[in-house]
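K.L.:
Residue numbers (my numbering): 310 to 462.
Where is the CB? At the ideal position from N, CA and C, for every residue including glycine.
Bear in mind that the values here come from a model prediction, so they are computed numbers and not experimental data.
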Ligand SMILES: [Cu+2]
């Protein structure tokens, strides 16, 4: 009698927390949450574009973004902007560390996903499926809205 009451007393708050967990994410797995993702709209003649997002690591363990795939591009690379003298240049990276409990920003002028050899035109307002791959966490399948330059911050 006493034991079952204690079990209930323990389980109920846990359920309460789970059910009331605020859903502020676009998509999340248990460890990694992706917020505010966008793909830059480009002119039809352009064959590359970039994707931006916030990657939040809810676990206490470091993880690594190690790649991405999307049906609209032949290749998807992780890039960063590096300063070489007066010039900003894009450099390919094999991975991006996502420290435990922290958020890493992929944004204009910094880290981003480069979508190379686009297979078709993309337009503001449409939504593109994209898979993110991590070293530890499961792959995350997200749908990213295409936005014109002025709508991406
Ligand atoms: Cu790039």
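1. Hey, would you say the C-beta of residue 396 is under 7 Å away from at least one heavy atom of ligand 1?
2. Could you tell me whether any non-hydrogen atom of ligand 1 is closer than 7 Å to the CB of residue 399?
3. If you drop the 5 nearest sequence neighbours on each side, which residues of the same chain put their C-beta closer than 7 Å to that of residue 331?
4. Please check if any C-beta of chain C sits within less than 8 Å of the C-beta of residue 447.
5. Would you check if there are 3 or more beta carbon pairs closer than 8 Å linking the stretch 449-457 to the stretch 395-402?
6. Let me know the alpha helix (DSSP H) ranges lying completely inside the stretch 365-438, each 4 residues or longer, listed in chain order.
7. Would residue 363 and residue 409 be called neighbours here (beta carbons separated by less than 8 Å)?
P.N.:
Reading from the atomic positions:
1. For the purposes of this step, residue 396 is taken as the residue at position 87 of the chain shown. Not so, every heavy atom of ligand 1 lies at least 7 Å from the Cβ.
2. Position 90 of the chain shown, counting from 1, holds the residue named residue 399. Result yes, Cβ under 7 Å from ligand 1.
3. The sequence position of residue 331 within the chain shown is 22, counting from 1. Per-residue confidence for residue 331 stands at a pLDDT of 41, beneath the threshold of 50, marking its modelled position as unreliable; no derived number is given.
4. Annotation note: the requested chain C is absent from the structure, which comprises a single protein chain.
5. Touching, no, given that fewer than three Cβ pairs across the two stretches are closer than 8 Å.
6. If you keep only unbroken alpha helix (DSSP H) runs of at least 4 residues inside the stretch 365-438, you get nothing at all.
7. Locating residue 363 in the chain shown gives position 54, where the first residue counts as 1. Locating residue 409 in the chain shown gives position 100, where the first residue counts as 1. Not a contact, by the Cβ cut-off of 8 Å.
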